[in-house]
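**Q** Just dropping this structure here.
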Amino acid sequence: MSIKHNKEDILNNLGIEAINPGVCTGTEWIDTNGDVTTSFSPIDGKEIAKVKNATLDDYEAVIKKAETAFKEWRKVPAPIRGELVRQIGLALRENKEYLGALVTLEMGKIYQEGLGEVQEMIDICDFAVGQSRLINGTNLQSERVNHRLSEQYQPLGIVGLVTSYNFPVAVWAWNSALAIIAGDVVVWKPSSKTPLTAIATQRIITKVLKDNNVPEGVFNLVVAKSSVMGDNFLGDKRVRLLSVTGSTAVGKRVGGIVGKRLGKT
1 MSIKHNKEDI LNNLGIEAIN PGVCTGTEWI DTNGDVTTSF SPIDGKEIAK VKNATLDDYE
61 AVIKKAETAF KEWRKVPAPI RGELVRQIGL ALRENKEYLG ALVTLEMGKI YQEGLGEVQE
121 MIDICDFAVG QSRLINGTNL QSERVNHRLS EQYQPLGIVG LVTSYNFPVA VWAWNSALAI
181 IAGDVVVWKP SSKTPLTAIA TQRIITKVLK DNNVPEGVFN LVVAKSSVMG DNFLGDKRVR
241 LLSVTGSTAV GKRVGGIVGK RLGKT
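Residue numbers for the sequence shown follow full-length UniProt numbering, beginning at 1 and rising by one.
Printed below as a string of structure tokens:
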């Protein structure tokens, strides 16, 4: 399994430290009091770095920040939201080799697959840019005199993402790129087995968010154990839509919890 860059270069270029905060609301990183998770490489079994997990209080703070951000983000014109995603795609291109290498280092897939996963992120950003100019409405004929009917898509709100270890970053991009151009905000809970790739991704997009004055709470990251955050996330009525990647058993459980509150999955 050949990686172009050594471990130190990968971590340094992606801003991964020995101990990393696991909560971010866009550009602001929150120092949590949760348990510490150590990420080991399946390549050699050696430690890569540590991550501080979120607590329920941290989760609550992120959700409140996301609610506030949504009120502003939904008013931003869709093509401008698309321009943000375009710039995120460029940032991913610039960091493709290092992020792909970290996917290999932390998750274990071969380097070419790691690069391919980052390319998937880039491709969906390109797709979402075009979609940002295609969010159309419909005008309909009415039976009433001097009456007009029209339909227009409206942003949904907070979109929750739960991603798996085997596609640690691509699934985030598939969901978040489209959610963002639609005017929604994202709360991402990555797999506890691959938290560093999530943190690296968040750090890559930070400069783009700063340059575009994106409100805190639009792109959120919450690294937490499922035993702490799982059911609270699934059962939270403020999370209007949940995208969860997992087994059939997980899907049935998620569908049951979200369905009870009439949420969307």
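Note that CB positions come from ideal geometry on N, CA and C, so glycine has one too.
Any heavy atom of the ligand FMN closer than 8 Å to the Cβ of V214?
**A** Among the components of this structure there are no ligands whatsoever, and the ligand FMN is therefore not found.
**Q** Around the C-beta of P21, are 16 or more other C-beta atoms found within 10 angstroms, so that it is buried, or is it exposed?
**A** So P21 counts as buried.
**Q** Provide the residue span of the beta strand (DSSP E) that contains N20, from first to last.
**A** 19-21 is the extent of the beta strand (DSSP E) around N20.
**Q** With C-beta atoms as the reference, is E97 less than 9 Å away from L115?
**A** Yes.
**Q** For I135, which of helix, strand or coil comes out of DSSP?
**A** Residue state, collapsed to three classes: coil.
**Q** Roughly how many angstroms separate the alpha carbons of V129 and V208, rounded to a whole number?
**A** Whole-angstrom Cα-Cα distance: 15 Å.
**Q** I'd like to know whether the C-beta atoms of L161 and L102 end up nearer to each other than 9 Å.
**A** Contact: no.
**Q** Buried or exposed for G259, please, with buried defined as at least 16 other CB atoms from any protein chain shown within 10 angstroms of its CB.
**A** With fewer than 16 other Cβ atoms within 10 Å, it is exposed.
**Q** For the putative contact between R81 and I181, defined by C-beta atoms under 8 Å, what is the C-beta separation to the nearest angstrom?
**A** That pair is a contact at about 5 Å.
**Q** Of the residues S41, D44, A49, which one's Cα is nearest the Cα of G15?
**A** Checked all of S41, D44, A49; the closest Cα to G15 is A49.
**Q** Give the list of continuous beta strand (DSSP E) stretches no shorter than 3 residues that lie fully inside the stretch 185-222.
**A** Entirely contained in the stretch 185-222, the beta strand (DSSP E) runs reaching 3 residues are, in chain order, 185-189, 219-222.
**Q** Can you tell me the Cα-Cα spacing of K65 and I158, whole angstroms?
**A** Whole-angstrom Cα-Cα distance: 10 Å.
**Q** Determine the closest residue to D57 out of V223, K264, S39, with distance taken between C-alpha atoms.
**A** Measuring from the Cα of D57, the nearest candidate turns out to be V223.
**Q** On the three-pair Cβ rule with 8 Å, is the stretch 26-46 touching the stretch 138-145?
**A** Output reads no: the stretch 138-145 does not touch the stretch 26-46.
**Q** Taking a contact to mean a Cβ-Cβ separation below 9 Å, would you say G246 touches R74 in this structure?
**A** Result no, Cβ atoms of G246 and R74 do not sit closer than 9 Å.
**Q** Taking the alpha-carbon positions, what's the A179 to V185 distance?
**A** The straight-line gap from Cα to Cα measures roughly 7 Å.
**Q** Do A69 and S132 have their C-beta atoms closer together than 9 Å?
**A** No, Cβ-Cβ distance for A69 and S132 is not below 9 Å.
**Q** When you compare only the Cα positions, how much space is there between E28 and K210?
**A** Approximately 10 Å between the Cα atoms of the pair.
**Q** Between G89 and the rest of its own chain, which residues show a CB-CB distance below 7 Å, the 5 nearest in sequence each way excluded?
**A** Excluding sequence neighbours, G89 sits near I122, C125, D126.
**Q** Out of E47, K71, T163, which has the shortest C-alpha to C-alpha gap to V187?
**A** Comparing Cα-Cα distances from V187 to each of E47, K71, T163, the minimum goes to T163.
**Q** Over what stretch of residues does the beta strand (DSSP E) that includes residue 267 continue unbroken?
**A** With the chain represented from 1 up to 265, any question about residue 267 goes unanswered, as that position is not in the structure.
**Q** Is DSSP giving Q119 helix, strand or coil here?
**A** Residue state, collapsed to three classes: helix.
**Q** Spatial neighbours of I19 within its chain, please: CB distance less than 6 Å, with the 5 preceding and 5 following residues excluded, ordered by chain position.
**A** Within the same chain, I19 has close Cβ partners K50.
**Q** Identify which residue in V244, K264, L234 has its Cα closest to the Cα of I257.
**A** Checked all of V244, K264, L234; the closest Cα to I257 is L234.
**Q** Less than 9 Å between the C-beta atoms of T194 and P168, yes or no?
**A** Contact: yes.
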